[in-house]
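K.L.:
Using my numbering, the first residue of the sequence shown is number 41, and each one after it goes up by one.
Take this structure first; my questions come after.
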Amino acid sequence: MGDFNLLPEDCFAHVISFTSPRHACILSLLSSSFRSAVDSDVTWERFLPSDYASLLSRAVQPVQYASKKELYLRLCDHPVQIDGGKLSFGLKKSTGAKCFTIPACKMNMPVYKGIKYWKLISLSNSRFPKGAKLIYRITGGHTQISGSIDSKNLSSHTIYAPHLIFRTTEAVELEEMSFLLSTVTISGLSECKQRVFLRPPCNPTEFSQHKCHLHLHETGNHKLDVKWPKKRTDGWMEVEMGQFYNENWEDREVEITLRVTHGFLSSGIDFLGVEFRPKMAVGTVRPWMRA
């Protein structure tokens, strides 16, 4: 590296802070000077969102950390509950964009004619101590699951995708052709709709049958995207509910709803919540820069 290594560590850290967490870790392999700068609080302070201290002050349990890098990695791997357990807050490891999850116990779960379709259950080895379990079959039309988050919590200039997190057991019956309509609305001004399945197709033939069946239920010329569930590393399932662009909004409500439009949802499905994850940043603002 020659005389480059003679530069002050703060200069290295300042330059590296304009890259991304992923690229910073790659740069740390170049030399001991880079490695020292990458590990400094100056670098990781820039990778953390500008309001991280305010968010941590809302944590249910105090968050202990010895360095800003340790805090960053802690939030990536172990989101913290905030606001009395109404939300969990974490970071996307590659970019530092903020992730939030609304627990099922804090969402509007199905109630029809005064009858609750669900009950609270205790969860072990989960980010939330409580979840929601359906105890009655939900048929199409008159029931829905909904929740909302304030846009100012999210990273600005970023496309987000809310994901429904759930699980089923072998005893739970999911009708092959059952599908749901998910809607993402921002202060009533714009919305994104798509079809959602909670059971993946077993084979290509069944996938084609699903597509034909959906075509019969489309209205007019408006074709909706279709999303299938995927297995998560924590053992739960998830399915994308849509996406939206979070501009630099001060105070707008992002609401998500899920409604059965054909078939039914069987009792016995467990819901953990809805996770708002960044998909990508838009424009000239990099996703790892301050929100």
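For every residue, glycine included, the Cβ atom is placed at its ideal position computed from N, Cα and C.
Alpha carbon to alpha carbon, how far is D291 from D91? Give it in angstroms, no decimals.
P.N.:
15 Å
K.L.:
Out of S164, I185, S166, point me to the one whose CA is closest to V151's CA.
P.N.:
Among S164, I185, S166, the Cα nearest to that of V151 belongs to I185.
K.L.:
Provide the residue span of the alpha helix (DSSP H) that contains L67, from first to last.
P.N.:
61-67
K.L.:
Spell out the partners DSSP gives R177 in its beta bridges.
P.N.:
Paired residues: none, contrary to the question.
K.L.:
With burial defined as no fewer than 16 other Cβ atoms inside 10 Å of the residue's Cβ, what is the status of M320: buried or exposed?
P.N.:
exposed
K.L.:
By a C-beta neighbour count over all protein chains shown, 10 Å radius and 16 as the cutoff for buried, is P269 buried or exposed?
P.N.:
Classification of P269: buried, given that the 10 Å Cβ count is 16 or more.
K.L.:
Could you check the C-alpha separation between I332 and V300 for me, to the nearest Å?
P.N.:
Past the edges of the chain, shown from 41 to 331, lies residue 332, and the structure says nothing about it.
K.L.:
Return the CA-CA distance between Y112 and G303, expressed in angstroms with no decimal places.
P.N.:
Approximately 43 Å between the Cα atoms of the pair.
K.L.:
If I measure Cβ to Cβ from S227 and keep anything under 7 Å in the same chain, skipping five residues before and after, which residues do I get?
P.N.:
R292, E293
K.L.:
For the alpha helix (DSSP H) containing K233, name the first residue and the last one.
P.N.:
Counting along the chain, K233 falls outside any alpha helix (DSSP H), though it belongs to the beta strand (DSSP E) covering 230-236.
K.L.:
Kindly list the residues whose CB is nearer than 8 Å to the CB of M277, restricted to its own chain and excluding five residues on each side of it in sequence; keep chain order.
P.N.:
Here the set comprises I205, F206, R207, T208, L238, P269, K270, K271.
K.L.:
Near C139, which residues of its chain fall below 8 Å by C-beta distance, leaving aside the five closest residues on each side in sequence?
P.N.:
Closer than 8 Å at Cβ, skipping near neighbours: P119, F129, G130, L131, K132, E315, F316, R317, P318.
K.L.:
For H203, tell me which candidate among P143, L95, G124 has the shortest Cα-Cα distance.
P.N.:
For H203, the nearest C-alpha among the options comes from P143.
K.L.:
Does the beta-carbon of L229 have 16 or more other beta-carbons within 10 angstroms, so that it is buried, or is it exposed?
P.N.:
exposed
K.L.:
Where do the ends of the alpha helix (DSSP H) carrying T208 lie?
P.N.:
Counting along the chain, T208 falls outside any alpha helix (DSSP H), and DSSP gives it neither H nor E.
K.L.:
Starting from S162, follow the alpha helix (DSSP H) in both directions and report where the run begins and ends.
P.N.:
Note, S162: premise wrong, no alpha helix (DSSP H); beta strand (DSSP E) at 158-162.
K.L.:
By the three-class DSSP mapping on this structure, what secondary structure does I185 have?
P.N.:
DSSP places I185 in strand when its eight states are reduced to three.
K.L.:
Have a look at H255 and A64 and give me their C-alpha separation to the nearest angstrom.
P.N.:
Note that H255 has pLDDT 47, beneath the 50 cutoff, so the model's placement of it is unreliable and no number is given.
K.L.:
Expressed to the nearest angstrom, what Euclidean distance is found between the alpha-carbon atoms of P102 and L264?
P.N.:
44 Å
K.L.:
Would you mind listing the beta strand (DSSP E) stretches within the stretch 300-324 that are 3+ residues and don't spill past its ends, in chain order?
P.N.:
310-321
K.L.:
Classify D265 as helix, strand or coil using the three-state DSSP reduction.
P.N.:
strand
K.L.:
Does Y105 come out as helix, strand or coil in the three-state DSSP assignment?
P.N.:
Y105 falls in the coil class under three-state DSSP.
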